[in-house]
Every structure is written in structure tokens, then in C-alpha cells.
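Notes for the one structure printed next.
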Amino acid sequence: MRSIKIKIIFSLLIVVISVLSLYEIKSYLSTQERLYLELNENAERQIKRLREGLILPLWEMDEAWQLKVIDIEMAKNEVYAITVTDDKQITHGQMRDANWKLIDINQPIHDENMVMRQADIFHGDEKIGSVSLFLSSRFVEEHLQNEALNRFFSLIALSVTIIFSLLIMLGRIVTTPLSQILQAVNKIRQGDYDHKLSLHSHDEIGLLATGIIDMASAIQEREQVILASEQNYRILNEHLEQRVADRTVELEINNQNLQDLSVELEKTKNKAEAANHAKSVFLANMSHELRTPMNAVLGFSQLLQKDRSLSPTQRENLNIINNSGRHLLDLINDILDMAKIEAGRVKIEINCFDLGVLLRDVIDMMHERAEAKGLELLFDQSSDFPRFVCLDESKLRQVLLNLISNAVKYSKQGRVRVRLNANLESNSSQCELIFVIEDTGIGISEQDLPLIFDTFVQVGGESEQKGTGLGLPITKEYIELMGGSITVTSELNQGSCFTVKLPAIRVSSEQVPATSSNGKLSVISLEEGQPVYRVLIVEDQAENRLLLKNLLMSVGFDVYEAMNGQEGVEKFAQLQPSFIWMDRRMPVMDGIEATRQIRALPNGQKVKIVAVTASVFLEQRQEFLAAGVDDIVNKPYRDNEIFESMAKHLGVKFSYETSDDSPNVSEKRAVVNLDDLQKLSPNLLIALQAAVSELDIERCNTLITEIEATDSVLATQLFERVHQLDFETLAQWLN
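Mapping of the sequence shown onto the numbering used here: residues 3 to 737, in sequence order.
Next comes the structure, spelled out in C-alpha cells:
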């Protein structure tokens, strides 16, 4: 067994050596830093002297004078090499060889271990050459090696001295008294409680010796008490069995109570799950019952708006019906979205898409609303902002629409600015998208600011409260589901600023599925030379059948109807249509079972079946897809969604509406005439090139407005590219 003396010696040795080593290392590093700092400072001073001393020799091309200036500086031992270069090659240079002798050189020096400084030499404003200085760290390293050896031997000597001194003191103060205390403990263990210690110190060891003597007296007294207590323990043990039996009965009663409570909790949990299921069923039914008539209201109002014989009053009334229906649909969607979030039924659906197109669509949708209120809708995009990403496109679209529409809604004058930026990770496709929506609206008071993300809560005065109060809570939930965050700053009557940060993955354009290039042009007919397509509509609501039938027949489809799934299966077998629009909820047979039966019939695998349904929950959509439908279009739908789906799955081609006073689609997308660009003033071209390279949309639009006064066709083509955020094409044209 090791003695405490040996343990203390080793401990002291480790502590002393560690402390002194740290001190010496720190001192060594400080010396190293100081020497290298001095070397760099010498380099700065010498290069400055060389640059000033070589101006006249280089200007006058006096080689002897140049060599003399170099020799003066090379006299310093730490200087390794100096080279003087005119505008093409080295004119003079000296360096040291392996024996540190000076030799002439005419080639550049590349040595990363040297301290190198280079300076250009000017005579007036004219550059006449340059000088390079190389300082060696050889002498610094030698000095540091000597310094390290000296400090090592000093450390050894100082450690030995300290340890030897501590050992002498330790023996007198600690080890000898402890030996006496150990002898006393052995006596007490053998039963000699009257043993005395002759220690007269008043430190901790003296207190320990006194405590041991007191402990011996206490042990002696306790033994006497134990003898007296053993009789009492025997009496208590006689009653112990009865006490244990009583306690066992009490524990059994408590255990039964816990089991009863567990049963009640299980019943409560089952009731809650049943209530949640009933709520989900109710929401699904309510969604279908509300969206189905809303589809008819909005669809027929859109069809009537195309009637050119309408009077202004009738058209205004139709606009009111359409806008009110859209508003009601938004309210329904908000309530259903929040219910789905609370039920945990919202899932993230990641897809790769063109972020530039999404932003353009959102800005287009909001631009007319902002313009109607006299607001500026500004759009600033950083050059780091990616165009093609993988993210949940639909939820990002809803987030941006909610925030921008709120900014427009609550701003009476001024502007709404949308700023886009991104934090990109080097050597990685990961990035963080940053969306900042600023407005000059009514703002939010400091006491209301913490409440804006609460459900069914609207801040501000009653005259300023619109909607359900669910837009911002849904926005926040969607952002957090996508792994992002949203913050807001605001000042009453000054405006608000919402900042959204979302993680995303950058992708190439090849990874993004192709989209329709026809934009929002209205379909007017089928292109000539195509076969006659039979389309079957399976829908139990007469108004919805009529709406879809009128829409399809207006462009030239051969349309048939079925009022339920069973009739749809029969008419498929009879008519063999090319395309089927299938509703989900119908009497007799629903759309899911009808789809399964059609797929099992001859030619059932060839027909294209697309569901058109008001069902919103993800599992309901998955059930429909599993039954065999090719795609799903949600009610209420837009005309272009119907035609795009048929073009995608059936391959049908359409003719689109064009106006007499505007170029058609192919003309709008034609390549600009470069000769027209050459006719512009050079200053205007240079300014436009700079604005395009900086992705400055506002500046581009201002400059193109100047072009519009002289060449409206060219301006229209340039506006189109800026509007589409196609800066790459603009840069190619301008270059």
C-alpha cells in the first residue's frame, strides 16, 4: 500500500511541473510571437526603404545605383533575397545560397517559409517597376531553440528545488503527526479507549487528534447505550409483524385505487380519440358540402363573365359575386387548414420547382390589389437568391400570399416591399431562404404584438379587423412544419416587417419538372387536326356537371354525363371514352369504387381518370390515388387547371385567346432584335447592363421606361424578361 507521503509527493510533482510548464510555454509562445512580429515589422520598414530608395535609380536606369541600394539592405543577416523587376522581368536580384553567401539571380523566388513583401514603384503616376523582399526566419528559429533549451533546464532546476523544500516541510507538518494519530487509532480499535495523544498543534491535524480522542469517548458511551437499547429492540420486534401486515393491507387498497384510476384515464383517452375522429369526419363532410356548391357559384360566375353581351352593371354584380365567393372560400380554407393542423393531419410534401415562377405568380396576384389602393409593390432580390429549389411549394405559396396580402390589406398609402435573400453553404446544396415583407401600414401596437399568432385573435380597432384571424397562425404553423421560423417587428402607424427563414435545397433546372408555357391565356378551342375526344363526367351534383360540361363543350370536346359511380361504370363500358372526370362522394357507388371497377374492365387501364373532388385530407387523396386515378384536381377549380390536366394526361393541344392589339405568345417570347439594342445611346446601354448585373428590378424598369418612349416593342420585350426574372437572357442580349 502506498503511503500518503508518496501520494502527496507525486501530486505535488505533477502540480508544480504542470504550473511551471504552462508558464514556460506561455512565455515561449510570447517570445515567438514577439520575434515574428519584429520580423514582419522589419520587412515593412525595409520594403518601404527599398521602394523609396529605388525610385530615382529605376527612373534613370542607373544599374550601379540600384545594386548599391540592394547591397545596403542585403547587409542585414535576416534578408534572404531582394529582386527588382521592371514591367516585364527581373532586372537585378540577389539571394543567399546554402552557406548564406550572396549570389545574383534573375528568376522569381517561390518559398512559402519566407516572410515576403512586394511593392510597386511609381514615378509620379507612372509605374516603373516593383521590388520584392524575402526575409528568412532562420535566425528567429535558432533564437527560439536556444530559448526553449534554457527554459527547459530552468524548469527542471526550479521543480527540483520546490519539491525538495516541500518534502521537508511536509515531513514536519503532516507525515509525523499522522503517524502518531495512526498509532492511536490502532489502540482504540483494540479497545484501549484511554490512550492519549501528545500533539500540541492547533491546526487541522491537531483538531483531528482531538476529534479522535472525543470519538473514543463517544464510542465507549455508545456501547453502553447499545447494551441498554437491545432490550427495547426485542420488545419492538414483537410488534413488527403486526405493523407489516397492516401496511400490506394499506398498499393493496392503494394499488386497487390506482388500477381504478388507470381504467378511468383509458376511458377518457378513448372518448377524446373518438371526439377527435368525429371532428375529422365532420370537417371532411363540411369541406365537401361547402366546396361543392361553392364550385358551382364560382364556376358559373366565371362563365358568365366571358359573355360580352353583359351590361356594365351586370358585370359589376358578377364581380361582386365572384369576389364574395372567393372571400368565403378563403375563410372556409382558413378554418379547415387550422383544423387539419390541430388534428396533426398536415404533411410536408417536398417537390422541386422554379422559385422564380412562384414569386412572379404571387407578385402578379398581389400587384392589381396593391395598384387599386394606390400602393407601390416593390420587389428586391439578392444575387445569392436561388431560382430552383426543393421545398413544399404549395405551403410556401400560401405563406407568401398570406403575408403580402396582409401587408396590402392594412396599408392605406405608401408601399409594400418584398426583399429576398439567402444564406448559402459553401460546397453544399443546403441553403436558408430569407423573405422579408415590409409595409407602411397601420402597424401593430407593442401590447398586441405577442398576440398576432394566436388563433381567432385580431389586433387593432374593430374597423381594421377582417377575416377569421387564422391567416397568421396558419402561416406560422406552416413555416415551423417546414423547419423555418418567422419574426415580426412593428410600430403603430408606421408599418410592420415580417421576416421568414426557411431551409431549402438548391437544385439545377434539369431537376425541375417542365410546366405549361401558355401562362394565363384563355383556351378557346381544340387545335385543328386532332381526333374527337370523348369525355365522361361522373358527378352527382347537377350544377357541377353542367358547369364542367359547358366548359369542355365550349372548346370542342364530345361530353357525356353520369350521375353516380354505377352509371359511370356502365357508360364507360358502352362509350369507351378517352378521359373521365370522377367525383368522389356519390350515391349508389362512390368514385373510388367506380375507379377500381373501370380499371378492371377491358381498356380500363388505357383511359385517363382524373378526380375532381372537394375532399381535402391527405389520406383521402391517397385513397383515391391508390384506387387508380391519374391525378386529382381540387374544387373549386380554375378553367386552366382543367385544361392543363387534360393536356398533361391526354396529350390534347389547345388554341389560346389572343388580342388584336397585342402580340401573341410566340411573338412575346421571340428573341429581341439586337440591332434595335445597338440603336440605343451608349450611356443608357451601360446603365441597363449595370442594373441587370446587380439584379436591380426597380432600376431596370426605370431605364426600360425611357426606352419605351422611342421603341415600345423593344421595351415590351425587355419588360417581359424583367417580369419573369430572366436576367440571364437580358445579360446575353446586352453583352
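Just so you know, even glycine gets a beta-carbon here, dropped at the ideal spot from N, CA and C.
Quick caveat: nothing in here was measured; it's all calculated off a predicted structure.
Among the options, nearest to residue i - alpha-carbon criterion
i: Asp-366; options: Leu-41, Ser-20, Phe-381; result: Phe-381
i: Arg-1; options: Gly-606, Ile-444, Lys-637; result: Residue 1 is absent from the model: the chain starts at 3 and stops at 737.
i: Asp-394; options: Ser-138, Ile-322, Gly-485; result: Gly-485
i: Gly-301; options: Asn-321, Val-86, Ile-454; result: Asn-321
i: Ile-11; options: Val-162, Leu-22, Arg-53; result: Val-162
i: His-112; options: Arg-371, Ser-487, Leu-137; result: Leu-137
i: Gln-91; options: Pro-110, Leu-306, Ile-594; result: Pro-110
i: Glu-75; options: Leu-52, Ile-183, Leu-305; result: Leu-52
i: Thr-212; options: Leu-238, Glu-254, Glu-243, Leu-180; result: Leu-180
i: Leu-398; options: Thr-315, Ile-488, Glu-370; result: Ile-488
i: Glu-563; options: Arg-547, Met-555, Gln-316; result: Arg-547
i: Ile-481; options: Gln-449, Leu-451, Gly-497, Ile-436; result: Ile-436
i: Asn-158; options: Gln-624, Ser-23, Ile-476, Thr-477; result: The sequence as given places Ile at residue 158; Asn does not occur at that position. Comparing Cα-Cα distances from Ile-158 to each of Gln-624, Ser-23, Ile-476, Thr-477, the minimum goes to Ser-23.
i: Glu-448; options: Thr-491, Glu-144, Thr-477; result: Thr-491
i: Gly-570; options: Phe-729, Lys-411, Cys-354, Pro-589; result: Pro-589
i: Val-654; options: Gln-261, Phe-581, Gln-147; result: Phe-581
i: Asp-713; options: Ser-695, Leu-682, Cys-702, Asp-88; result: Leu-682
i: Ile-214; options: Gln-233, Asp-633, Val-187; result: Val-187
Nearest-angstrom Cα separation, counted from residue j out to residue i
i: Ala-544; j: Asp-592; result: 16 Å
i: Ile-350; j: Cys-392; result: 12 Å
i: Ser-524; j: Val-561; result: 20 Å
i: Ala-409; j: Thr-718; result: 29 Å
i: Glu-252; j: Gln-226; result: 38 Å
i: Glu-440; j: Asn-495; result: 13 Å
i: Met-368; j: Ser-413; result: 13 Å
i: Asn-79; j: Ile-8; result: 53 Å
i: Val-86; j: Asn-115; result: 20 Å
i: Asn-520; j: Glu-378; result: Its pLDDT being 40, under 50, Asn-520 is placed unreliably in this model, and the coordinates cannot settle the point.
i: Arg-119; j: Ile-688; result: 38 Å
i: Glu-700; j: Asp-641; result: 33 Å
i: Ser-396; j: Ile-352; result: 9 Å
i: Val-176; j: Arg-245; result: 53 Å
i: Leu-210; j: Arg-153; result: 42 Å
i: Asn-256; j: Asp-248; result: 13 Å
i: Arg-419; j: Glu-268; result: 53 Å
i: Glu-370; j: Asn-272; result: 51 Å
i: Phe-390; j: Arg-317; result: 40 Å
i: Leu-104; j: Asp-127; result: 34 Å
i: Ala-150; j: Tyr-38; result: 16 Å
i: Gln-467; j: Arg-598; result: Caution applies to Gln-467, whose pLDDT of 47 falls short of 50 and renders its modelled position unreliable; the value that the coordinates give is listed next. Roughly 48 Å between the two C-alpha positions.
i: Ile-221; j: Leu-238; result: 24 Å
i: Asp-216; j: Arg-236; result: 30 Å
i: Asp-99; j: Val-71; result: 20 Å
i: Val-18; j: Leu-168; result: 11 Å
i: Lys-375; j: Gly-497; result: 16 Å
i: Thr-731; j: Ser-311; result: 42 Å
i: Phe-355; j: Gln-513; result: 8 Å
Rounded Cβ spacing between residue i and residue j (contact assumed at less than 8 Å)
i: Leu-652; j: Leu-736; result: Not confirmed; about 42 Å, so no contact.
i: Phe-387; j: Leu-422; result: 5 Å
i: Gln-48; j: Leu-135; result: 6 Å
i: Val-133; j: Ile-84; result: 7 Å
i: Ile-446; j: Ile-454; result: 6 Å
i: Gly-558; j: Leu-528; result: 4 Å
i: Val-631; j: Met-584; result: 6 Å
i: Glu-541; j: Gly-567; result: Between Gly-567 and Glu-541 the Cβ distance is about 10 Å, and since that is not below 8 Å, they are no contact.
i: Pro-579; j: Val-537; result: 6 Å
Environment of residue i [buried if 16+ CB atoms lie within 10 Å]
i: Glu-479; result: buried
i: Trp-102; result: exposed
i: Ala-276; result: exposed
i: Leu-720; result: buried
i: Asn-685; result: exposed
i: Arg-723; result: buried
i: Ile-16; result: exposed
i: Gln-96; result: buried
i: Gly-531; result: exposed
i: Ser-313; result: exposed
i: Thr-250; result: exposed
i: Gly-473; result: buried
With three or more C-beta pairs closer than 8 Å as the rule, is the segment 26 to 33 touching the segment 60 to 78? Short answer: they don't touch.
So does the segment 429 to 438 actually touch the segment 506 to 516, counting three or more Cβ pairs closer than 8 Å? Contact holds: three or more Cβ-Cβ distances are below 8 Å.
Three-pair Cβ contact test at 8 Å for the segment 601 to 610 versus the segment 571 to 585: Segment contact: the segment 601 to 610 against the segment 571 to 585, three or more CB-CB distances shorter than 8 Å; contact assigned.
Any contact between the segment 158 to 172 and the segment 181 to 193? By contact I mean 3 or more CB pairs, one from each, below 8 Å. The segment 181 to 193 and the segment 158 to 172 do not touch, with fewer than three beta-carbon pairs separated by less than 8 Å.
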